[in-house]
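Chemist: The numbering of the sequence shown is the numbering used here, which starts it at 278 and goes up by one.
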Amino acid sequence: MKPEIFQTNILAESIIETEPKIQNSHNERKIDWVNTLFLTLTPVAAIILSTIYFLNNGFEVSQILLAVVLYYVTGMSVTAGYHRLFSHRTYKANNFVKLMLLLFGAATFQNSALKWSADHRVHHNHVDDEKDPYNINKGFWYAHIGWIFFQEKALETKFPKDLTNDPLVMWQHRNYYWLCVAMGFIFPTVCGYFLGSALGGFALAGLARVVVVHHCTFFINSLCHIVGTRPYTDTNTARDSAIMAVLSYGEGYHNYHHFFPTDYRNGVKWYHFDPTKWLIRSLAFIGLTKDLKSVPERLINEARLQMSTKNKTAF
């Protein structure tokens, strides 16, 4: 089945969805000890446990493959699900695909799709200013991970209706914590058991995989606003980088994404490394996703030309 791809004329930092309405914000912060301890202790635990296990048992090829598979499945559940589906509505997916994206997205321990997407919409509508949750102007470490260590005081959020009206999104949100543990730790442990070692599965495909996926995703908020070029717009810090695309499941073409946020692609050229785009399009061929939105080539070329002309004029 040939995927239906719709060309959209929405461009230039605009976003079709509403951001969450925030009330009673006093701009006061306090440390979120749950997030801080989890993000601090999981890397330590992963290094210690994986090292001890490796020195005593070694890792089987099957265990390594399990970790790699879950690295991509869980990471792209964030990029294809949390990001391009729920945050930007760049395509539509049937309930089975949505459920899988929500289940394996929970395995990354990056919050529910509802909260993640709400934060991300604020990021797009307020990129680089004080309301940006992961404002790169506050420094690399703040944008990368520091913002997660803090929580706003007396903050009430009304989440966007398109998300709260989705029964699967709300089911995951209500059951997020047990889904995290079940999919993030118990599932790889059980898989490891059938591959010869439950502890090996937990250490490599559970703990270590969570840590690696965390930082590969966090790179999108930090390095993707520092490393690379700005071929489409210089009105924000987002940058395009082929290297970052490899590290972030195709999200490295970030300057393009911030200028054309409603496109299901980040890498628009055939040779751009964007496995998230390939996943969405492949699912469309078998009828599991549809209404893939893409920006017309004419508008893409116009944006590049305007930016190129602007850069030449500056010199």
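Even glycine gets a Cβ: it sits at the ideal position worked out from N, Cα and C.
(1) How long is the line joining the alpha carbons of alanine 459 and methionine 521, rounded to whole angstroms?
(2) Do you know how far the Cα of tryptophan 310 is from the Cα of leucine 582?
(3) Can you tell me which of Lys587, Thr351 and Gln340 puts its alpha carbon nearest to the alpha carbon of threonine 512?
(4) Roughly how many angstroms separate the alpha carbons of valine 404 and serine 339, rounded to a whole number?
(5) Judging by CA-CA distance, which residue of Val346, Gln387, Val345 and Phe336 is the nearest neighbour of tyrosine 359?
(6) With H, G and I counted as helix, E and B as strand and the rest as coil, what does DSSP make of lysine 427?
(7) Give the secondary structure of alanine 390 by DSSP, where H, G and I count as helix, E and B as strand, and everything else as coil.
(8) Excluding five sequence neighbours on each side, which residues of the same chain lie with their C-beta closer than 8 Å to the C-beta of glycine 352?
(9) Have a look at Asn371, Arg516, Ser474 and Leu376 and flag the residue whose alpha-carbon is nearest the alpha-carbon of tryptophan 448.
(10) First and last residue of the alpha helix (DSSP H) that includes lysine 546?
(11) Given glycine 477, which residues of its chain have a CB within under 8 Å of its CB, disregarding the five upstream and five downstream residues?
(12) If you draw a straight line from the C-alpha of phenylalanine 315 to the C-alpha of alanine 322, how long is it?
(13) Can you tell me whether asparagine 412 is buried or exposed? The criterion is at least 16 other CB atoms within 10 Å of its CB, across all chains shown.
(14) Distance, Cα to Cα, glycine 416 vs phenylalanine 427?
(15) In whole angstroms, what is the alpha-carbon distance linking leucine 432 and tryptophan 393?
(16) For tryptophan 418, count neighbouring C-beta atoms within 10 Å of its own C-beta (all shown protein chains included) and say buried if the count is 16 or more, exposed if not.
Modeler: Let me lay it out:
(1) The residue given as residue 459 occupies position 182 in the sequence shown. The residue given as residue 521 occupies position 244 in the sequence shown. So the two alpha carbons sit approximately 30 Å from each other.
(2) As a working note, residue 582 is residue 305 in the sequence shown. As a working note, residue 310 is residue 33 in the sequence shown. If I take the Cα positions, the gap works out to 48 Å.
(3) Within the sequence shown, the letter at position 235 stands for residue 512. Cα-wise, what sits closest to threonine 512 is Lys587.
(4) Position 127 of the sequence shown, counted from the first residue, corresponds to residue 404. Position 62 of the sequence shown, counted from the first residue, corresponds to residue 339. Straight-line Cα distance between these residues: approximately 42 Å.
(5) For this step, residue 359 is matched to residue 82 along the sequence shown. Considering only alpha carbons, the answer is Gln387.
(6) Residue 427 sits at position 150 when you count from the first residue of the sequence shown. According to the sequence displayed, residue 427 carries phenylalanine and not lysine. Strand, per DSSP.
(7) Your numbering for residue 390 matches position 113 in the sequence shown. Residue state, collapsed to three classes: helix.
(8) Taking the first residue of the sequence shown as position 1, residue 352 is located at position 75. Setting aside the 5 residues that flank it on each side, glycine 352 is surrounded in the same chain by Thr385, Val490, Cys493, Thr494 and Tyr526, each with a C-beta closer than 8 Å to its C-beta; the list follows chain order.
(9) As a working note, residue 448 is residue 171 in the sequence shown. Of the candidates Asn371, Arg516, Ser474 and Leu376, the one whose C-alpha sits nearest the C-alpha of tryptophan 448 is Leu376.
(10) For the purposes of this step, residue 546 is taken as the residue at position 269 of the sequence shown. First-last for lysine 546: undefined, no H or E at that position.
(11) Residue mapping note: residue 477 aligns to position 200 of the sequence shown, counting from 1. Answer for glycine 477: Tyr330, Asn334, Phe336, Glu337, Gln340 and Gly469, listed in chain order.
(12) Here residue 315 corresponds to residue number 38 of the sequence shown, with the count starting at 1. Here residue 322 corresponds to residue number 45 of the sequence shown, with the count starting at 1. Approximately 10 Å, taken between the alpha carbons.
(13) As a position in the sequence shown, residue 412 is number 135, starting the count at 1. So asparagine 412 ends up on the buried side.
(14) Here residue 416 refers to the residue found at position 139 when the sequence shown is read from its first residue. Here residue 427 refers to the residue found at position 150 when the sequence shown is read from its first residue. In a straight line, the C-alpha of glycine 416 is about 15 Å away from that of phenylalanine 427.
(15) Position 155 of the sequence shown, counting from 1, holds the residue named residue 432. Position 116 of the sequence shown, counting from 1, holds the residue named residue 393. Confidence is the limiting factor: at leucine 432 the pLDDT is only 45, short of 50, which leaves the residue's position unreliable, though a coordinate-based value still follows. So the two alpha carbons sit approximately 16 Å from each other.
(16) Indexing the sequence shown from 1 puts residue 418 at position 141. So tryptophan 418 ends up on the exposed side.
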